[in-house]
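Engineer:
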Amino acid sequence: MFRQIAYAARNSAKLASRAATFRAATLRATTSVGSMMRPVAFTPVKFMRFSSTGSSLTKEDVLARTVSVLKTFELKNSTDKIELETQFTKDLGMDSLDYNDALVALEEEFDVVFDDKSANEIKTVGETVSYVLKNYLPEQQDLDKEVR
Amino acid sequence: MSASRTQVLQLYRNLLRASHEFESYNFREFFLRKTRKDFKQFRGVEDNKKFYKEGLKQLGIIRRQSMISQMYPFEKMVVERVDEKHHEIPEAVEARDERKI
Numbered sequence: 001m002f003r004q005i006a007y008a009a010r011n012s013a014k015l016a017s018r019a020a021t022f023r024a025a026t027l028r029a030t031t032s033v034g035s036m037m038r039p040v041a042f043t044p045v046k047f048m049r050f051s052s053t054g055s056s057l058t059k060e061d062v063l064a065r066t067v068s069v070l071k072t073f074e075l076k077n078s079t080d081k082i083e084l085e086t087q088f089t090k091d092l093g094m095d096s097l098d099y100n101d102a103l104v105a106l107e108e109e110f111d112v113v114f115d116d117k118s119a120n121e122i123k124t125v126g127e128t129v130s131y132v133l134k135n136y137l138p139e140q141q142d143l144d145k146e147v148r
Numbered sequence: 001m002s003a004s005r006t007q008v009l010q011l012y013r014n015l016l017r018a019s020h021e022f023e024s025y026n027f028r029e030f031f032l033r034k035t036r037k038d039f040k041q042f043r044g045v046e047d048n049k050k051f052y053k054e055g056l057k058q059l060g061i062i063r064r065q066s067m068i069s070q071m072y073p074f075e076k077m078v079v080e081r082v083d084e085k086h087h088e089i090p091e092a093v094e095a096r097d098e099r100k101i
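Chains A and B, in that order, are what the protein sequence lines are. Position one of the first sequence corresponds to residue 1 (the UniProt record's numbering), numbered consecutively onward. Position one of the second sequence corresponds to residue 1 (the UniProt record's numbering), numbered consecutively onward.
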């Protein structure tokens, strides 16, 4: 419930100020997911732009993480490759309960929320990837780091 | 008047989301396991009104308990990740490093 409240608050308070994006940009340059301190020789020029830095998450990233999440479930064809066109029901042999399980696991992984309409309509892995890319907010990740 | 399929699935999703809120590995895994087992058990049942009500009660319990357990945190066990939400995947880390260089 804390997370829902925080989520709503973050959504309504978009980080639009220069100071905030700059702080976020420097945070991103010096920290990484998993809080490993990697030495950065210099801050690349693109991080110094005073505009929305945009998502650092690419389609390949999302797909790789989605595949690893899905592999933790017992699937029909656990040895085959999971690609964008893989369908949850037909190719992976998941029933509706397994499918919802996978959706919630992906929600946890990417910090997005699948609304009920999308949850009913999504049929392939590619659709989840595009939904994640659409709803993924990079500022939230940095805000999380500051709050914690 | 039993609950429709979409309602049941929505309840299942909310139960899973609430179970994930637990910081502690043991509680989280327990409630996830319990939810999955209960729903699998009642899969084909036609008259699921009683079961649906039980599920709603369970949802309330899990939400309250996860909030309370967050107020009084334990030390993290070895099995719990430091960064709750993300696990690093080697290929993704490599791809990210390639882009930064």
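Virtual Cβ for every residue (Gly too), placed ideally from N, Cα, C. Since we're looking at a predicted model, the values are computed, not measured.
#1: Which same chain residues end up closer than 8 Å to A:E107 when comparing Cβ atoms and leaving out the 5 residues on each side of it in sequence?
#2: Check whether chain B comes within 8 Å of A:A102, counting only Cβ atoms and requiring the distance to be less than that.
#3: If I measure Cβ to Cβ from B:R13 and keep anything under 7 Å in the same chain, skipping five residues before and after, which residues do I get?
#4: Which residues in the same chain as A:I82 place their Cβ atom closer than 7 Å to its Cβ, once the five residues preceding and following it in sequence are excluded?
#5: Taking C-alpha atoms, which residue in B:R99, B:D97 and B:S4 lies nearest to B:R43?
#6: Would DSSP call B:T35 helix, strand or coil?
#7: Please report how far the alpha carbon of B:E46 lies from the alpha carbon of B:L16, in whole angstroms.
#8: Within 8 Å (strictly less), CB to CB, does B:R33 reach chain A?
#9: With 8 Å as the limit, tell me which residues of the UniProt domain "Complex 1 LYR protein" (7 to 60) of chain B have their beta carbon closer than that to any beta carbon of chain D; keep them in chain order.
#10: Determine the closest residue to B:L32 out of B:L59, B:Q7 and B:Y72, with distance taken between C-alpha atoms.
#11: Please identify the residue among B:R64, B:E98, B:R99 and B:K40 whose C-alpha is closest to the C-alpha of residue 122 of chain B.
#12: Can you tell me whether A:K46 is buried or exposed? The criterion is at least 16 other CB atoms within 10 Å of its CB, across all chains shown.
#13: Taking Cβ to Cβ, would you say A:F88 is nearer than 8 Å to A:K134?
#14: Answer yes or no: does any C-beta atom of chain B fall closer than 8 Å to that of A:E85?
#15: Please report how far the alpha carbon of B:E35 lies from the alpha carbon of A:R65, in whole angstroms.
#16: Run through chain B and tell me which residues come within less than 9 Å of A:L75, C-beta to C-beta.
#17: Report the neighbours of A:L97 on chain B: residues whose CB is nearer than 9 Å to its CB, in chain order.
#18: Would you verify that the beta carbon of A:D91 is, or is not, closer than 8 Å to some beta carbon of chain B?
#19: Go ahead and label B:F30 buried or exposed: buried means 16 or more other beta carbons lie within 10 angstroms of its beta carbon, across all protein chains shown.
#20: Write down the C-beta distance between A:L84 and A:L63 rounded to the nearest angstrom, noting that I regard them as a contact closer than 8 Å.
#21: In the DSSP assignment, what are the bridge partners of A:T124?
#22: For B:M71, count neighbouring C-beta atoms within 10 Å of its own C-beta (all shown protein chains included) and say buried if the count is 16 or more, exposed if not.
#23: Can you look up A:D98 in the DSSP assignment and give me helix, strand or coil?
Structural biologist: The structure says:
#1: V113 and F114
#2: no
#3: So the list is empty, once near-sequence residues are dropped.
#4: Hits under 7 Å: V67, L70 and V125.
#5: B:S4
#6: For B:T35, the secondary structure class from DSSP, reduced to helix, strand or coil, is helix.
#7: 23 Å
#8: no
#9: Protein chains A and B are contained in the structure displayed, whereas chain D is not.
#10: B:L59
#11: In the structure as shown, chain B starts at 1 and stops at 101, and residue 122 of chain B therefore has no counterpart that could be examined.
#12: A caution first: A:K46 carries a pLDDT of 44, below 50, which makes its placement in the model too unreliable to give a value.
#13: no
#14: Among the residues facing chain B, A:E85 is not included, as its CB has no counterpart in that chain under 8 Å away.
#15: According to the sequence as given, residue 35 of chain B is Thr; it is not Glu. B:T35 and A:R65: Cα-Cα distance of roughly 25 Å.
#16: Ordered by position in chain B, no residue passes the 9 Å Cβ test against A:L75, which lies about 15 Å from the chain.
#17: L9, Y12, R36, F39, K40 and R43
#18: Contact with chain B is absent for A:D91, since none of that chain's Cβ atoms lies less than 8 Å from the residue's Cβ.
#19: exposed
#20: 7 Å
#21: In the DSSP assignment, the residues bridged to A:T124 are A:Q87.
#22: Per the 10 Å Cβ criterion, exposed.
#23: helix
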